[in-house]
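Residue 0 is where the sequence shown starts when you use the working numbering, and the numbers rise one by one after that. Every residue gets a Cβ at the ideal spot worked out from N, C-alpha and C, and that includes glycine. Here the structure is a predicted model, which is why all the values come from computation and not from measurement. Take a look at the structure below.
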Amino acid sequence: MFQQLIHFLAYGAVLFSVVEVYLTLNKLWSRKHIKEVADSISISARATGMIPGSIFTLNFFFEQQWQGFVDGAIWLGASVVQILVAGGIWVAGNKRHHWLSLIGRSIGHETKEVFNLAKYIFQVESRNKVIDLLAATALTDKILKENEKNFVETLADDWEIDISWDKLMSRFKRADVSALFNFSIEMRKYLELNPGKKEVKLLLELIQELSDQSGHSRPENQYIIDEVGEAFRHYPSTNYDDYFQVQIVPQEKEQHERLQASGAEMRSEYIGSGFTYVLEPFFTRNFADHVVSEFEALGYFAAVRTIDGTAGYELEKCG
């Protein structure tokens, strides 16, 4: 009986959604021609919200859960209307333009405003390191794309920071060290500045936005986002119980000399027959594995250790 009651109330809940959507759109509809109202709606936010909404709605459809399907369809429809209003298609002077071009222009304006909040949240002393970290992100594939460059330069200009891409590329676009390892070093240097949690959260959003600037999905993009997210989850603690460690073992004297000359921040351990170079900490397995793969591509022997604060470590992957 209780289940039947909930089943009946679910249909009633759909009516509440209809009323809520109507009241929301009714107030918006009467102001749809006002430019300030259109500009106040984030198309990116609405579009992002439609992704999980569409998935849940389709799932309800295939599961024949009609209450959830109808509720999801109502909110998806409301999001479409809000996107059209945000595009300014009813604003005076815009009617001669195609609605797709108007939405594209609105997204362009929104992209330029992405750094407005960053101006006030990031500490002055950490801003240069944020630029370094974003540059390291852009150069993880060792190819600097124009839209990635513009993204970093826009933020640097807002902060009145002069950047030299020649110097940045000499640091992060190196042939002798893993690009992802370079990135992890910059991330640790940033956290050493003790940024606030709001700042850390916003930085992760900026890194995600910059990763999207490549125009196509690369595995490294997700590795970086997952690694940063996990590192920030531990923050502000620096005592890690569980993490991953990468060991680089030179097989020739030339490799040993090349690692020393690289100036990369790694410690060495004597293992009886020679030295191994230790890189740590890494917080996700995919990121550590990819660092190993990058050093393997440079001709080194490499391995991943899983460090367990209670049980020592285990050597997991050898190159």
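Once DSSP output is grouped into helix, strand and coil, what is the label at residue i?
i	result
V199	helix
V129	helix
V17	helix
S177	coil
S29	coil
Q122	coil
Q207	helix
E191	coil
M186	helix
F1	helix
Within a Cβ cutoff of 7 Å, which residues of the same chain sit near residue i, ignoring the five residues on either side of it in sequence?
i	result
G311	Interpretation of G311 is limited by its pLDDT of 47, a score under 50 that renders its predicted location unreliable; the figure taken from the coordinates is listed afterwards. Contacts found: none.
C317	For C317, the pLDDT reaches just 44, beneath the cut-off of 50, and the residue's location in the model is therefore unreliable, leaving the point undetermined.
T56	F68, G71, A72 and L75
I160	R126, N127 and I130
Cβ atoms of residue j and residue i: under 9 Å apart, would you say?
i	j	result
I224	L192	no
A174	L138	no
S261	V176	yes
E147	L201	no
D288	E219	no
V90	A37	yes
I206	I162	no
Please confirm if residue i has its CB atom under 9 Å from at least one CB of chain C.
i	result
N149	Note that chain C does not occur in the displayed structure, where there is just one protein chain.
Ordered along the chain, which non-local residues of its own chain (more than five positions away) have a Cβ less than 6 Å from that of residue i?
i	result
G67	F59
A135	F171, N181, F182 and E185
Y189	K128 and L132
I250	The sequence given here has Gln at residue 250, not Ile. Contacts found: F300.
S16	D70 and I73
N285	Y222
Excluding the 5 residues preceding and the 5 following residue i in the sequence, name in chain order all residues of the same chain whose CB lies nearer than 8 Å to its CB.
i	result
E229	F282 and T283
V13	Q66, V69, D70 and I73
Check: Counting Cβ pairs closer than 8 Å, one from the region 237-248 and one from the region 276-295, do we hit at least three?
Finding: yes
Margin query: For the region 288-296 against the region 185-200, do three or more pairs of beta-carbon atoms, one drawn from each stretch, fall closer than 8 Å, so that the two count as touching?
Written below: no
Checklist line | Whole runs of the alpha helix (DSSP H) within the region 36-97, excluding any shorter than 4 residues | finding: 42-61 and 65-85
Margin query: Within 8 Å, do at least three Cβ pairs link the region 249-266 to the region 221-238?
Written below: no
Check: Which ranges would you report for the alpha helix (DSSP H) in the region 139-172 if only whole runs of at least 4 residues count?
Finding: 145-157 and 164-171
Margin query: My parser needs the alpha helix (DSSP H) runs of 4 or more residues fully inside the region 219-307; what are they?
Written below: 252-261 and 284-296
Next item on the list: Count the C-beta pairs between the region 174-188 and the region 150-162 that are closer than 8 Å, then say yes if the count reaches three, no if not.
Entry: no
Next item on the list: Could you tell me whether the region 71-85 touches the region 27-44, where touching means 3 or more Cβ pairs closer than 8 Å?
Entry: yes
Margin query: Under 8 Å, with one C-beta from each stretch per pair, do the region 72-81 and the region 19-26 reach the 3-pair mark?
Written below: yes
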